[in-house]
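K.L.:
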Ligand SMILES: Cc1cc2nc3c(=O)[nH]c(=O)nc-3n(C[C@H](O)[C@H](O)[C@H](O)COP(=O)(O)OP(=O)(O)OC[C@H]3O[C@@H](n4cnc5c(N)ncnc54)[C@H](O)[C@@H]3O)c2cc1C
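Numbering (the working numbering), first residue to last: 5 to 429.
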């Protein structure tokens with residue numbers, strides 16, 4: 005971009021990343037237009053996710069050893085990570101880069117960069133919450149990673165300590181302490197090995213948060229253009245000129261592609277290759293009759309790789325699974341059953357309620373990059389910025405990503421160097 009501070013910025017996509025970006029830009033006094041193809045904010049991947057704000061868990065998925073798991077589970081419907089053989093040809097170069105980033109040193113470096121961004125993001129979110137009194141079914145009392153194997157828990161404690169190196173506190177808990185903190189786990193006491201508590205973690209409803217962020221952006225002068233599909237980003241003399249939608253063309257000094265899994269498609273006609281692969285996950289949200297038996301803490305069940313999220317008085321969400329199966333948001337009944345079977349094992353007192361017929365089922369596509377880091381910053385087309393590719397940690401990183409990108413757009417110093425997240429790295 006030239007050095008002139010832009011006046012009008014178009015943000016494409018009103019998921020948690022786009023709405024946060026719109027707010028961060030509107031706070032800096034820019035004229036912001038937030039465009040979304042659906043009629044409301046957070047109608048796609050940010051709609052019904054796991055709701056965790058969990059920076060200490062923001063390591064990429066491609067840990068050393070994942071390949072073995074994927075191959076062993078090829079095609080199995082009951083595995084947390086599932087690679088569909090039919091999807092392999094479509095993964096091409098992305099797949100090779102994903103594999104290359106499984107090397108231990110790469111993985112650790114990528115993990116630490118994400119953790120830094122996630123921690124900064126939580127600071128930014130807390131600032132907004134205090135400044136604006138945002139309400140989104142938040143819980144602020146930490147999260148717990150629950151173990152059924154002593155050996156795996158001991159390995160995990162060592163791994164987390166090495167990875168975090170003091171950046172975020174962790175507390176290994178024995179079985180009694182686990183039940184003290186989360187009485188809903190009392191029925192599985194005999195099987196439990198313990199848990200790791202993350203006292204700094206938070207949780208909430210990402211959809212409510214996104215909608216609140218969009219409203220706050222409007223209160224700072226932003227315009228929402230919902231129900232409008234962006235068809236093209238137009239350039240003139242090699243730099244951004246306008247954003248064309250099915251409701252007309254908008255001239256702008258800058259645009260931010262915050263279109264989650266659809267970002268690559270928008271960027272491609274500009275000659276920009278954004279390496280984003282859509283990885284499907286599921287959630288099931290319940291209205292539980294026995295509110296007193298609901299878990300209060302957000303938990304990650306390490307045996308079956310799903311999370312639990314309390315939403316208000318009676319709401320419970322179970323979210324997880326990863327299908328490498330292309331661009332489809334189809335809800336596959338056998339996968340839902342796999343998710344719910346794990347939840348019934350963890351919360352047997354609720355097992356009669358945790359059935360598909362009682363749930364609001366949802367599937368979303370995580371925008372995953374091969375190194376697990378988001379794509380954040382200006383592209384080589386002046387005026388065109390990207391804020392996408394946050395994979396399984398989009399809410400955890402949204403507020404910080406928005407703040408850093410907004411700082412770059414107005415030319416003020418950023419709290420974290422953006423080169424690590426360069427969209428064309
Ligand atoms: C099962 C599951 C559990 C998860 N759990 C967590 C969790 O606990 N914590 C966490 O931090 N993250 C979690 N995530 C990840 C998180 O949900 C995503 O990273 C995040 O929602 C991505 O946000 P986004 O704004 O980039 O994308 P989206 O929410 O998909 O938003 C992109 C928006 O762009 C719009 N758009 C796209 N193309 C166009 C166009 N041409 N014109 C106009 N609009 C367009 C779309 O309609 C969409 O609304 C989870 C994801 C899944 C699937």
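Glycine included, every Cβ here is placed at the ideal spot set by N, Cα and C.
Do you know how far the Cα of residue 140 is from the Cα of residue 212?
P.N.:
Roughly 5 Å separates the two Cα atoms.
K.L.:
Which same chain residues, not among the five before or five after residue 214, have their C-beta less than 6 Å away from its C-beta?
P.N.:
Result list for residue 214: 20, 23, 45, 46 and 50, in chain order.
K.L.:
If you follow the alpha helix (DSSP H) that residue 109 is part of, which residue opens it and which one closes it?
P.N.:
Looking at the DSSP string, the run of the alpha helix (DSSP H) that includes residue 109 is 108-136.
K.L.:
Just to confirm, does residue 432 get its C-beta within under 7 Å of one of the non-hydrogen atoms of ligand 1?
P.N.:
Because the chain here runs from 5 to 429, residue 432 falls outside it and cannot be looked at.
K.L.:
Decide if the region 195-211 is in contact with the region 135-153; the criterion is three or more beta carbon pairs, one per stretch, under 8 Å apart.
P.N.:
Yes, the region 195-211 touches the region 135-153.
K.L.:
DSSP state of residue 298, grouped into three classes?
P.N.:
Reduced to three states, the DSSP call for residue 298 is coil.
K.L.:
Just to confirm the assignment, what range does the alpha helix (DSSP H) spanning residue 65 have?
P.N.:
No alpha helix (DSSP H) holds residue 65; DSSP gives it neither H nor E.
K.L.:
Looking at residue 278: is its Cβ nearer than 8 Å to the Cβ of residue 427?
P.N.:
In contact: residue 278 and residue 427 (Cβ atoms closer than 8 Å).
K.L.:
Please tell me whether, using a cut-off of 7 Å, the distance from the CB of residue 21 to the nearest non-hydrogen atom of ligand 1 is below it.
P.N.:
Checking the Cβ of residue 21 against ligand 1 gives yes.
K.L.:
Would the C-beta of residue 251 count as close to ligand 1, meaning under 7 Å from any of its heavy atoms?
P.N.:
False, no ligand heavy atom lies under 7 Å from that Cβ.
K.L.:
From the DSSP secondary-structure annotation, give me the bridge partner or partners of residue 391.
P.N.:
Residue 391 pairs with 380.
K.L.:
Just checking my contact of residue 119 with residue 171 at CB under 8 Å: how many whole Å lie between their CB atoms?
P.N.:
Correct: roughly 6 Å between the Cβ atoms.
K.L.:
Between which two residues does the beta strand (DSSP E) holding residue 362 run?
P.N.:
Per DSSP, residue 362 belongs to no beta strand (DSSP E) and is neither H nor E.
K.L.:
Does DSSP classify residue 416 as helix, strand or coil?
P.N.:
Here residue 416 sits in coil by DSSP.
K.L.:
Count the other CB atoms within 10 Å of the CB of residue 108; is the residue buried (16 or more) or exposed (fewer)?
P.N.:
By the 10 Å Cβ count, residue 108 comes out exposed.
K.L.:
If we count the other Cβ atoms within 10 Å of its Cβ and call it buried at 16 or more, is residue 273 buried or exposed?
P.N.:
Flag for residue 273 reads exposed.
K.L.:
When you compare only the Cα positions, how much space is there between residue 67 and residue 327?
P.N.:
So the two alpha carbons sit approximately 17 Å from each other.
K.L.:
Apply the 10 Å Cβ neighbour rule to residue 373 and answer buried if 16 or more other Cβ atoms are within range, or exposed otherwise.
P.N.:
When all chains shown are included, residue 373 counts as buried.
K.L.:
Flag this pair as yes or no: are the beta carbons of residue 289 and residue 299 separated by less than 8 Å?
P.N.:
For residue 289 and residue 299, no; Cβs fall outside 8 Å.
K.L.:
Considering just the uninterrupted stretch of the alpha helix (DSSP H) at residue 25, what are its terminal residues?
P.N.:
Run containing residue 25: 20-31, per the alpha helix (DSSP H) assignment.
K.L.:
Span of the alpha helix (DSSP H) holding residue 155?
P.N.:
154-168 is the extent of the alpha helix (DSSP H) around residue 155.
K.L.:
When burial is assigned at 16 or more other CB atoms within 10 Å of the CB, is residue 425 buried or exposed?
P.N.:
Result: buried.
K.L.:
If we count the other Cβ atoms within 10 Å of its Cβ and call it buried at 16 or more, is residue 3 buried or exposed?
P.N.:
This structure does not reach residue 3, given that the chain is present from 5 up to 429, and the question cannot be answered.
K.L.:
Hey, could you find the ends of the beta strand (DSSP E) residue 211 is sitting in?
P.N.:
From DSSP, residue 211 is part of no beta strand (DSSP E) but of the alpha helix (DSSP H) over 210-223.
K.L.:
Would you kindly work out how many angstroms separate the C-alpha atoms of residue 97 and residue 104, rounded to a whole number?
P.N.:
Taking the straight line from one Cα to the other gives about 11 Å.
K.L.:
Given the structure, does residue 286 come close to ligand 1, in the sense that its CB is under 7 Å from one of the ligand's heavy atoms?
P.N.:
Residue 286: yes, Cβ under 7 Å from ligand 1.
K.L.:
Entirely within the region 312-366 and at least 4 residues each: give me those alpha helix (DSSP H) ranges in chain order.
P.N.:
The region 312-366 contains these whole alpha helix (DSSP H) runs: 337-350.
K.L.:
Would you say residue 229 and residue 16 are within 8 Å of each other, going by their C-beta atoms?
P.N.:
Not a contact, by the Cβ cut-off of 8 Å.
K.L.:
Does DSSP classify residue 244 as helix, strand or coil?
P.N.:
Residue 244: strand per DSSP, three-state reduction.
K.L.:
Is the region 400-409 in contact with the region 350-361, if contact means three or more CB pairs nearer than 8 Å?
P.N.:
The region 400-409 vs the region 350-361: no contact.
K.L.:
For the region 118-138 against the region 174-183, are there 3 or more C-beta pairs whose distance is under 8 Å?
P.N.:
No: the two stretches stay apart, fewer than three of their Cβ pairs being nearer than 8 Å.
K.L.:
Please check the pair residue 258 and residue 413, which I expect to be a contact at CB under 8 Å, by giving their CB distance rounded to whole angstroms.
P.N.:
The pair is a contact, with the Cβ atoms about 6 Å apart (cut-off 8 Å).
K.L.:
State the CB to CB distance for the pair residue 124 and residue 420, rounded to an integer number of angstroms; the pair is presumed to be in contact (CB under 8 Å).
P.N.:
With a Cβ gap of about 6 Å, residue 124 and residue 420 count as contacting.
K.L.:
The beta strand (DSSP E) that contains residue 258, what's its start and end?
P.N.:
Note, residue 258: beta strand (DSSP E), 258-261.
K.L.:
Determine whether the beta carbon atoms of residue 276 and residue 400 lie at a separation below 8 Å.
P.N.:
No, Cβ-Cβ distance for residue 276 and residue 400 is not below 8 Å.
K.L.:
Specify the secondary structure class of residue 232 as computed by DSSP and reduced to three states.
P.N.:
Of the three classes helix, strand and coil, the one that applies to residue 232 here is coil, per DSSP.
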